[in-house]
Structure formats: structure tokens, C-alpha cells
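First comes the structure, then the notes that go with it.
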Amino acid sequence: MINTLYFTFTDKAIQKKAFDAIVKEQEHIGYYNLPDQDIAPILEYCSTISEAIDTIAVIGIGGSSLGAKAVYEFIRPNKSMKRKLYFFESTDPVNITTLLEKIDLSRTHFLVISKSGSTVETFSVYKYLYALQTDISSFTFITDPGSALENYAHEAGASVLHLPKNVGGRFSVLSTVGLLPLALCGIDIKALLEGAKGLKESFFNDGYMKGILLEKASFYAKHHAQYHINCIFAYSESLKYFCEWYVQLWGESLGKHQRHSAFNVGLTPIGLIGPKDQHSFLQLIMEGTRDKSVTFIKIEDFQDTLTIPNVSLPHMEALDMLNDLPFAKLINMQCDSVIEALHEQNDIPLDTLTLSNISESNIGALIFYYELLTSLVGELIDVNTYDQPGVEAGKVILKKKLSQKM
Ligand code: PA5
């Protein structure tokens, strides 16, 4: 993965402060260790799931579903999957019914994923599905060791897998939470972790990514009051759900009360997909308030030769320049043109992330890149990157309302 920055921030003292803090943080924040884990137990568990199962359904929300969905939807168009993967992430009754219409309960294995083991969305849907599929062996539970959910599952005779206690929900895609559903569908989780590991080593062992990530994080942190909206502009439909994952990671990690001040801060994530959003949101970036940074994500080789035919349309000969052009080339030309136009504005912080192709190792690297960037920026803007008191507050009020049946 190549990252080109069109801005500079070279204060080495600030960069060192951020780096040292992250090195220290590794002692107690678990996601840093995930690229080095032994995946044998996950693969072994996969082999216990019957070949007759053709669908995996995740019941979970937020950090318990978005990561696996991002990887699956990125890889799916380019690989024939072993099983279909669906996500029950919502209490929207229409959504639940629509998903149920797509699956055959007798050939579906459900993964009930909840770190806390107490999330209303997850367990309302689980109760509904368990009433339809009463065979508990059709369910596997993933949760923190010692949670109430673990006790329930053991008593019900179901299998339970853990995620490490010190890995937060939105940082858990490279743990069992993401790896199990992905491996069950035939995604190469070894390559996924290798991509993340390469990125990790490059950052911690003085490689190419160290300078880049430190420069980008310090720039974002230093200018967080001005450029407080951080857009990803991804030129591939396959990155749509990666953008959703990014929105959660960035928003839930960086929108906080500062640790050592009386004030609230926050960086607002926006996920855009090109070329679609060239015809909508781009206007706001180009001419709107100078409060946005933009990171373009490009795929160098789509491994696809689909080409515009050599057809001349009467009265529309001006468009003959499209003839014989591969779509993969067109989409990247569109991206480059928008970068050039924005660059000419001179006051919009831009950078590009180029992935060589659509592969497990590239999405693994991209995920770890964003996790590290989030940790670095969180450190520099003085927030606790890993908690989510705002999300918790809503959960507590809902539970109160529910107990009063309001
Ligand atoms: O990142 C987070 O902590 C949250 O978004 C959680 O993932 C989300 O609230 C779901 O929680 P749980 O996995 O405990 O059901």
C-alpha cells in the first residue's frame, strides 16, 4: 500500500511523543497483538461446521459486525465464496424479515457476537431467531470471557469462543469476531493478518509507514479545530462497507471529552464512494467551508478487463473518446482528475492510499493503517480512544425505558 501525502507536518518532537505513547500503549491495548495471533484454533473450529451449511448469519451490531462486513464485501466480487454471509444488525422489522427470506434456516449457522453480552439489538434479534430455530447447535457465541452470555451459552449447551478482554469492539475485526465469520466463508484470514502484520512492522520497526502515519496523525491532530471533518473518498464500490467501518472507528474513538481539559473535541468521519459522490458531495469539498481533509483510496489493478465498446453514437461523437477504454482505467482517471482539481485549490489537505489490488492482504493492511492512525490521533488530541461513554449512555436509558415498558 502506497500513501502519498499532499501536506507536510514535520514537528519531530510531536511525532516522537505520539510514537512513544503508542509503543507504551501496546502493553495494555490488545488490538496491536492481533496480527501475530495463532489462527489454528479458528480454522479448527471452522472444520467442525458441517459442509451442509451454506450460509453464515452474524447477529451483532457496531464493532461486532462492521469489520467482517467490510472485508467480506471488499473481497466478494473477486472471489467465489464458500458460503454466503448475512448480517442481522438491526431491530428494523422489515430488515429482519427481508434477511430471513434470503436464508434457509436448516442450512444456516448463526454467530451471535457481543463483547458485552448484553446489547439490546443483538439479543432482541437472537430471541426472535432462536424461537424459529430452536436447535442450539445452530448457534455459536462470541463474547468476552466470563460474560453473562458465556454462562447462558454454556448452560444451553452451545459453543462459545472468546475475544480478548483488552480488544475493544470497534478494534476487534482481526480477532475471532471478524476472523471466524470470514474464514467460514472462505476468506483467506492468514493473508488478511499478514497484510496487517506487514503494516504493523513497517510502523513499529522504522519502515515506510512510520514517518507517513506520524506525519498524517500529527497534521490531523494539530489542525483538528480547522479540518475537523475527515473524508475518505474511495474509488471502488467494494469499499462501501469499509467506509462504514471507518465511520464507526473514527467517530466513536475520537469524539470525546478531553482527558485533561474541560472541553469536548471530535473529528467527524465521512465515507464517500467515487465516482458516485463526485456528482454530489464533491461540490461541498471543492467550494464549501475549508474544514475537510480528504483521503482518496484507489485500486491500482481491478483485475478486470471490462471495456467500453467501440461505438459511436449519432450526435454524440464527442463521447467517442470513451471508446475502447477499460472501466478500470476510467475510474482511476476520474479519481486522478478530482485529486488534481482539489489540489489546485491549495488549501484542502489531501492524501491518496493506493492498494495494488483487491486482496485479503491489502484490506488487512488498510484496516491496521486506520486503527493505528486512530490511536495516534486520539493520543495527540488527548482523548481516551478506547471507551465510548456516549454510546453507553444511550444503552442505559433504553434499558430503563424498557424496564418501565415506556
Ligand atoms: O465499539 C464498540 O464498543 C461498540 O460499537 C460495540 O461494538 C457495539 O455497541 C456492540 O457492543 P457488543 O459487542 O458489546 O454487543
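At position 251 of the sequence shown the residue is numbered 1251 (the working numbering), and the sequence of numbers has no breaks. Even for Gly, the Cβ is constructed at its ideal location relative to N, Cα and C.
If you measure between the beta carbons of residue i and residue j, is that distance less than 8 Å?
i, j, result
"ILE1059", "HIS1109", "no"
"PHE1088", "LEU1105", "no"
"ILE1136", "GLY1168", "no"
"TYR1045", "LEU1180", "yes"
"ALA1262", "LEU1380", "no"
"TRP1435", "LEU1066", "One cannot answer for residue 1435 here, as it falls past the ends of the chain, which runs 1001 to 1406."
"PHE1203", "LEU1192", "no"
"PHE1296", "ILE1339", "yes"
"ILE1074", "PHE1242", "Residue identity differs from the one stated: residue 1074 is Phe in this sequence, not Ile. Yes, the Cβ-Cβ distance between PHE1074 and PHE1242 is below 8 Å."
"PHE1007", "PHE1219", "yes"
"ALA1217", "VAL1377", "yes"
"PHE1327", "LEU1306", "yes"
"SER1175", "LEU1034", "yes"
"THR1289", "ASN1230", "no"
"ILE1103", "ALA1131", "no"
"ILE1002", "THR1385", "no"
"ASN1095", "GLN1303", "no"
"TYR1235", "CYS1335", "yes"
"ILE1042", "ILE1189", "yes"
"ILE1061", "THR1143", "no"
"GLU1252", "ARG1170", "yes"
"GLU1215", "GLN1015", "yes"
"LEU1313", "LEU1319", "yes"
"GLY1063", "GLN1283", "no"
"LEU1182", "ALA1068", "yes"
"GLU1194", "GLY1030", "no"
"ILE1187", "GLU1317", "no"
"HIS1228", "GLY1198", "no"
Give the single residue among the options whose Cα lies nearest to the Cα of residue i.
i, options, result
"PRO1389", "LYS1256, TYR1031, THR1352 and HIS1154", "LYS1256"
"ASP1291", "LYS1079, LYS1298, GLY1274 and ILE1270", "ILE1270"
"LEU1254", "VAL1383, ASP1320 and ILE1022", "VAL1383"
"THR1352", "MET1333, VAL1391 and VAL1294", "VAL1294"
"GLY1117", "ILE1049, GLY1146 and PHE1139", "GLY1146"
"VAL1120", "GLN1133, LEU1132, SER1138 and ASP1092", "ASP1092"
"HIS1224", "LEU1199, LYS1200 and ASN1264", "ASN1264"
"LYS1165", "VAL1177, ALA1365 and ILE1022", "VAL1177"
"ASN1362", "PHE1281, GLN1345, THR1268 and LEU1239", "LEU1239"
"GLU1051", "LYS1069, ILE1113 and LYS1084", "LYS1084"
"TYR1032", "ASP1144, ALA1196 and PRO1314", "ALA1196"
"PHE1141", "SER1114, VAL1247 and GLU1155", "SER1114"
"GLU1287", "GLU1344, LYS1329, GLU1317 and ARG1259", "GLU1344"
"THR1055", "GLN1037, ILE1039, SER1047 and LYS1082", "LYS1082"
"GLU1300", "VAL1396, ASN1332 and LYS1200", "ASN1332"
"PRO1275", "LEU1330, LEU1184, LEU1284 and LYS1405", "LEU1330"
"GLN1026", "LEU1402, LYS1405, SER1403 and SER1375", "SER1375"
"LEU1163", "LEU1184, THR1134 and ILE1039", "ILE1039"
"ALA1341", "ARG1076, ILE1285, GLN1226 and GLY1186", "ILE1285"
"LYS1298", "LEU1366, LYS1210, TYR1126 and GLU1317", "LEU1366"
Considering residue i, what are the terminal residues of the beta strand (DSSP E) in which it resides?
i, result
"LYS1084", "1084-1088"
"ILE1297", "1292-1301"
"LEU1319", "No beta strand (DSSP E) holds LEU1319; DSSP gives it neither H nor E."
"THR1354", "1350-1357"
Which residue comes first and which comes last in the alpha helix (DSSP H) that contains residue i?
i, result
"ILE1096", "1093-1102"
"CYS1335", "1327-1343"
"GLU1360", "1360-1380"
"CYS1231", "Run containing CYS1231: none in the alpha helix (DSSP H); it sits in the beta strand (DSSP E), 1229-1234."
"ALA1068", "1066-1075"
"ILE1002", "No alpha helix (DSSP H) holds ILE1002; the beta strand (DSSP E) holding it covers 1002-1005."
"ILE1056", "From DSSP, ILE1056 is part of no alpha helix (DSSP H) but of the beta strand (DSSP E) over 1055-1059."
"SER1403", "1389-1403"
"LEU1282", "1282-1287"
"ASP1020", "1012-1025"
"LEU1043", "1040-1046"
Every unbroken beta strand (DSSP E) inside the region 1098-1186 [3 residues or more]: 1108-1113, 1139-1143 and 1159-1162
At what residue ranges does the region 1194-1272 contain a whole run of the alpha helix (DSSP H), taking only runs of 4 or more? 1208-1222 and 1240-1254
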